[in-house]
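Engineer:
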Amino acid sequence: MFKILKKAIATGIVTTAYPKVPSEPCANFRGRPVIDFERALDSLPAAHVCPTGAIRVKDEKRTRRVALDYGRCIFCGLCAEASPEGAIRTSGDFELAVRKRSELVSSALYRLDSAGNQQFLQMTYRSERPVESIDQIGEKLQERIHRILSRSLQIREVDAGSCNGCEVEITALNSPIYDIERLGIRFVASPRHANMLLVTGPVTKNMEVPLKKAFLATPEPRLVVAVGACGCSGGIFGRSYASLGGVDQLLPVDVYIPGCPPPPQALLHGILQAMGRLGEKLGKHR
Amino acid sequence: MSQLVDGLQPVLEGLGQAFGGKIKLLGTPRTREVYLQTEDRYMNSISRHLYQLRDVRLTNVFALDGREREGVFYIQYVFALDRAGGFLLIRTPIPPEQPEFTSLTPLIPAVNWQEREIHDWFGLSPVGHPNPRRVAIHDDWPEGIYPLRKDFDLSTALPAFHGPRHVFRPVEGEGVFQVPVGPIHAGIIEPGHFRFSVAGEPILYLQIRLFYTHKATEKLFEQKSVDQGVFLSESISGDSSFSHCTAFCQALENTVQVEVPRRARLIRTLLLELERIYNHIADVGAIATDVGFGVANAHAMRLKESVVRLNGQLTGNRLLRGMSVPGGSRRDLNAQQLRALESLLDFVEKEFDDLSDLILSSASTLDRLENTGILPPMTALDLGVVGVAGRASGRDIDVRRDYPYAAYDEIAPRVVVYSQGDVFHRMKVRMDEVKDSIRIAREAAARLKDGSVRVSLPELPVGGCGLGWVEGWRGEILHWIEIGEGGTISRCRIKDPSLNNWPALPEAVQGNIIPDFPVINKSFNLSYSGTDR
């Protein structure tokens, strides 16, 4: 007993103040790639090396459409290496959660000349970082939790075929470093006790029925958060005889958290975004 | 033809004397791999012959669809000769008109699941198998679907399943009842179904249903380019990203016989050990928490987070992804990163000592761990258990030492073996290994000399094949790949150590009480995704 106390005192407080204070998942973190669409001269090499098809190039007669989908991206950085003109760079961005799947996609239109070079015409859609910064979300958080959930959010985590990478990071939320309970958020054992399903994996054929059952067992109003490239889109596993290709193929998804895997801060950022959504749902429910 | 490692030659000669013309040498492309071919009807006696030698184990059995080129399926057997330091890869042709092969399970129980897998993926039946039910494909899947056959399209949309549900073996007697658990578990862990038959609290019998996370990984390798395959290999089992990826890269490097630069081999070694360190620390903490010692787990999670952050600082990804590449390392490590490594290792060494001391001096914790969930050495031997669980039950196997790769030829691991086989000793193996891994990582960093970290691979030869092996933190990971037309992968067989070890869990829990199941399960900590693929 004495040893335990001594060690605790010697260790001190290790918990991060995130989201009140910004924090990085680690030094040199490789976050999302950013394309400077105006400068991109040839997007084919990047599309060619992308292991998950997150960068797609579609040529039609004299025009070319280039799309980058953060929902598929595994943040490997290959596209930046394959982009000779430096139009793609990897950034440290990790707070990428959005409420609509389409918000994860940026796309641009180009004119193709006879030599196959592309000339920028216009952006067709631009994925922005969330309008709300994380500290703004953090400020509102306490208030929301108090008002809506009587100070607590209960999460049921469901692995619907993940590789266990996302679970490694979700587990870290329970560690003293991130200590998610300081925010009134708790992981629970049953969907019946939960307000939110935090779902990882591409939804395998064999997890389709269990996931659906867990969803139906969660009392309304309920939230579904899709975690990781697999949860957002099927990721590197895509769609096949064994995989549905993302959580939204089966359930209505409230928030998408990209990443492979998303670090704990990115998970928190997404969970907090989703809580705003619960307020809206509750309004409708009454 | 390569010069073989010393111990393999006599085994080959022995096989030649005993079986003469019945077994044919296909080639010895590398020092540690011998390829042989025989007929299915001789496999039983050949296996018997090999098992009479010391330290031979059949570690991997899988099938290949060679119908397009050669008109037959093949069953590929991988025998590991641990003291010789080499692998015997024996294959037998199976004609499509008679889709069956002799089951070796009655002789070698370790291949029970793997033989049933062959039936599920390829439709080849193991004749004489004591329990030839489906294992990988669930009972409610339609009949006649064999996903790894070449004529099965990956994108096939299967109908909703309305087939029969799995029938668990009945366990009968007064007061015996069943407790179903899963596939969704109470904690943040992977899905799988456990069916306990209990009488009061003691567990009489445990049946496990897995493959809930099956996502066509082996089939997907056949559709991806080699470069894309590297990233797929990182997603086989997320907590072993670097080990699986390195096994995949080494299989490719072996196929084309490329020597990876020494600096890259050292970097791989130190990252492999970091993966072992962070996972072992997490497991030690989780074992403590499963017997109610939450404070120890809090310290363990704090330590694990510090290692995971270092992973990120060294590779850009907290799970060490995007670093290993066929031919070496995608990125080099700079002086600043190496300094961070050094100080982190010092920190973890000291803190882990404190953590171990907290656990080992807590009598009430030890009381729960000792003599709980015993896997007897004989059972571990029969079931071919590998890795941490194997070494806690007397199995002196570690492919880092037995078949050195990366830089383990110059920095040999100290292999710890216990024979008690209980939860405590599975934890103790981890504690000992964390210390040794810190030493290896330090030494690997100290030996780094300036130089390149990557060589490019020559063109991949059609029909070329190779084996890659890594002692992941759970145990021995094997990847076997075969090259198809245009530099694609025509077959990638992935063997996670969990595939060997899952059948041992029911043996270890028998007679224990249900409340001890979580800690017993945790002490094995097997991968679902790595098994289900």
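If you're matching them up, the sequences are chains A and B in order.
To convert, note that position 58 of the first sequence is 1002 in our numbering; the numbers rise steadily by one, no gaps.
To convert, note that position 36 of the second sequence is 46 in our numbering; the numbers rise steadily by one, no gaps.
All residues carry an ideal CB built from backbone N, CA and C; glycine is no exception.
1) Helix, strand or coil: how does DSSP classify ILE999/A here?
2) Rounded to whole angstroms, what is the Cα-Cα separation between LEU348/B and GLU492/B?
3) Less than 8 Å between the beta carbons of ALA984/A and VAL1001/A, yes or no?
4) Report the residues of the segment 435–450 of chain B with a CB closer than 9 Å to any CB of chain A, ordered along the chain.
5) Note down, in chain order, each residue of its chain lying with its Cβ closer than 8 Å to the Cβ of PHE1019/A, except the 5 sequence neighbours on either side.
6) For the segment 358–379 of chain B, which residues have a CB atom closer than 9 Å to at least one CB atom of chain A, in sequence order?
7) Please state the DSSP three-state secondary structure of ASP1013/A.
8) Does ARG175/B pass the burial test, meaning 16 or more other C-beta atoms within 10 Å, or should it be called exposed?
9) What does PHE1038/A reach in chain B if we use C-beta pairs closer than 9 Å?
10) What residues are listed by DSSP as bridge partners for ILE487/B?
11) Which ranges would you report for the alpha helix (DSSP H) in the segment 204–259 of chain B if only whole runs of at least 4 residues count?
12) So which of MET437/B, GLY461/B, ALA451/B and GLY431/B has the shortest CA-CA distance to ALA422/B?
13) Strictly under 8 Å for the Cβ-Cβ distance: is MET1151/A near chain B by that measure?
14) Taking the CB atoms as reference points, tell me whether SER245/B and CYS1023/A lie closer together than 8 Å.
15) Is it buried or exposed for GLN1063/A, if we count other Cβ within 10 angstroms and need 16 for buried?
16) Is DSSP giving PHE534/B helix, strand or coil here?
17) Cβ of ALA998/A within 8 Å of Cβ of ILE1032/A?
18) Mind checking if SER1035/A is an interface residue toward chain B, Cβ cutoff 8 Å exclusive?
19) So, at 6 Å on beta carbons, what are the nonlocal neighbours of GLN47/B in its own chain, with the 5 sequence-adjacent residues on each side left out?
20) Between the segment 505–514 of chain B and the segment 115–131 of chain B, do at least 3 Cβ pairs fall closer than 8 Å?
21) So does the segment 440–450 of chain B actually touch the segment 415–432 of chain B, counting three or more Cβ pairs closer than 8 Å?
22) Using a Cβ-Cβ cut-off of less than 9 Å, give me the residues of the segment 320–339 of chain B that come near chain A, in sequence order.
23) Tell me, please, whether the CB atom of GLY248/B is closer than 8 Å to any CB atom in chain A?
24) Who are the neighbours of ALA455/B on chain A, taking C-beta pairs under 9 Å?
25) Is it right to say GLN238/B is buried, meaning 16 or more other beta carbons lie within 10 angstroms of its own, or is it exposed?
26) Given this structure, state the Cα-to-Cα distance separating ARG1230/A from PRO1165/A, to the nearest angstrom.
27) Note down, in chain order, each residue of its chain lying with its Cβ closer than 7 Å to the Cβ of THR375/B, except the 5 sequence neighbours on either side.
28) Would you identify the three-state DSSP class for ALA1202/A, choosing helix, strand or coil?
29) Where does ASP65/B land, buried or exposed, given buried means 16+ other C-beta within 10 angstroms?
30) Work out the CA separation of VAL44/B and ALA1186/A for me, nearest whole Å.
31) Cutting at 6 Å between CB atoms, please list the residues of its own chain near PRO109/B, excluding the five before and the five after it.
32) Give, in chain order, every unbroken run of the beta strand (DSSP E) that is at least 3 residues long and sits entirely within the segment 1116–1149 of chain A.
33) Is GLU43/B helix, strand or coil by DSSP?
34) Is ASN70/B helix, strand or coil when you go by DSSP?
35) With H, G and I counted as helix, E and B as strand and the rest as coil, what does DSSP make of MET1/B?
Structural biologist: Straight from the coordinates:
1) Walking along the first sequence from the start, residue 999/A turns up at place 55. Of the three classes helix, strand and coil, the one that applies to ILE999/A here is strand, per DSSP.
2) Reading the second sequence from its first residue, position 338 is the one you call residue 348/B. Reading the second sequence from its first residue, position 482 is the one you call residue 492/B. Each residue's alpha carbon lies about 37 Å from the other.
3) Walking along the first sequence from the start, residue 984/A turns up at place 40. Walking along the first sequence from the start, residue 1001/A turns up at place 57. Going by C-beta atoms, ALA984/A is not nearer than 8 Å to VAL1001/A.
4) none
5) Your numbering for residue 1019/A matches position 75 in the first sequence. Closer than 8 Å at the Cβ level, and outside the excluded window around PHE1019/A, lie ARG974, GLY975, ARG976, PRO977, THR1034, GLY1203 and CYS1204.
6) GLU361, ASP364, LEU365, ASP367, LEU368, SER371 and SER372
7) In the first sequence, the residue the question calls residue 1013/A occupies position 69. Strand.
8) Position 165 of the second sequence holds residue 175/B. It counts as exposed.
9) Position 94 of the first sequence holds residue 1038/A. Correct list: empty, because the minimum Cβ distance to chain B is about 10 Å.
10) Translated into the one-based positions of the second sequence, residue 487/B becomes position 477. Looking at the DSSP assignment, ILE487/B forms a beta bridge with VAL480/B.
11) 227–231 and 236–244
12) Position 412 of the second sequence holds residue 422/B. Closest option to ALA422/B, Cα to Cα, is ALA451/B.
13) On the first sequence, position 207 is the one that residue 1151/A refers to. So yes, MET1151/A belongs to the interface.
14) Counting from 1 along the second sequence, the entry for residue 245/B is found at position 235. Counting from 1 along the first sequence, the entry for residue 1023/A is found at position 79. No, the Cβ-Cβ distance between SER245/B and CYS1023/A is not below 8 Å.
15) Stepping through the first sequence from its first residue, residue 1063/A is reached at position 119. Answer is exposed; the Cβ neighbour count stays below 16.
16) As a first step, residue 534/B must be located in the second sequence, where it is residue number 524. Residue state, collapsed to three classes: helix.
17) Taking the first residue of the first sequence as position 1, residue 998/A is located at position 54. Taking the first residue of the first sequence as position 1, residue 1032/A is located at position 88. No.
18) Residue numbering aside, residue 1035/A sits at position 91 when the first sequence is read from its first letter. By this cut-off, SER1035/A is not an interface position.
19) Translated into positions along the second sequence, residue 47/B becomes position 37. Same-chain partners within the cutoff: LYS34, LEU36 and ARG101.
20) yes
21) yes
22) LEU320, ASN321, GLY322, GLN323, LEU324, THR325, GLY326, ASN327, ARG328, LEU329, ARG331 and GLY332
23) For this step, residue 248/B is matched to residue 238 along the second sequence. For GLY248/B, the answer is yes, since a Cβ of chain A falls inside 8 Å of its Cβ.
24) By one-based count along the second sequence, residue 455/B stands at place 445. Residues of chain A passing the Cβ test: none, with the nearest at roughly 17 Å.
25) Within the second sequence, the letter at position 228 stands for residue 238/B. So GLN238/B ends up on the buried side.
26) For the purposes of this step, residue 1230/A is taken as residue 286 along the first sequence, with counting starting at 1. For the purposes of this step, residue 1165/A is taken as residue 221 along the first sequence, with counting starting at 1. Note that ARG1230/A has pLDDT 46, beneath the 50 cutoff, so the model's placement of it is unreliable and no number is given.
27) As a working mapping, residue 375/B is identified with position 365 in the second sequence. Hits under 7 Å: ALA298, VAL301, PHE303 and ILE369.
28) Here residue 1202/A refers to the residue found at position 258 of the first sequence. In the sequence as presented, Ala is not what sits at residue 1202/A; that position holds Pro. In this structure, PRO1202/A counts as coil in the three-state DSSP scheme.
29) For the purposes of this step, residue 65/B is identified with residue 55 of the second sequence, where counting begins at 1. Exposed is the call here.
30) Here residue 1186/A corresponds to residue number 242 of the first sequence, with the count starting at 1. Here residue 44/B corresponds to residue number 34 of the second sequence, with the count starting at 1. Approximately 35 Å, taken between the alpha carbons.
31) The residue given as residue 109/B occupies position 99 in the second sequence. Correct list, in chain order: GLY133 and LEU134.
32) 1129–1131 and 1140–1144
33) Sequence index remark: in the second sequence, residue 43/B carries index 33 (1-based). Of the three classes helix, strand and coil, the one that applies to GLU43/B here is strand, per DSSP.
34) Residue numbering aside, residue 70/B sits at position 60 when the second sequence is read from its first letter. Three-state result, ASN70/B: strand.
35) Residue 1/B lies beyond the residue range present for chain B, which begins at 11 and ends at 543; the question has no answer from this structure.
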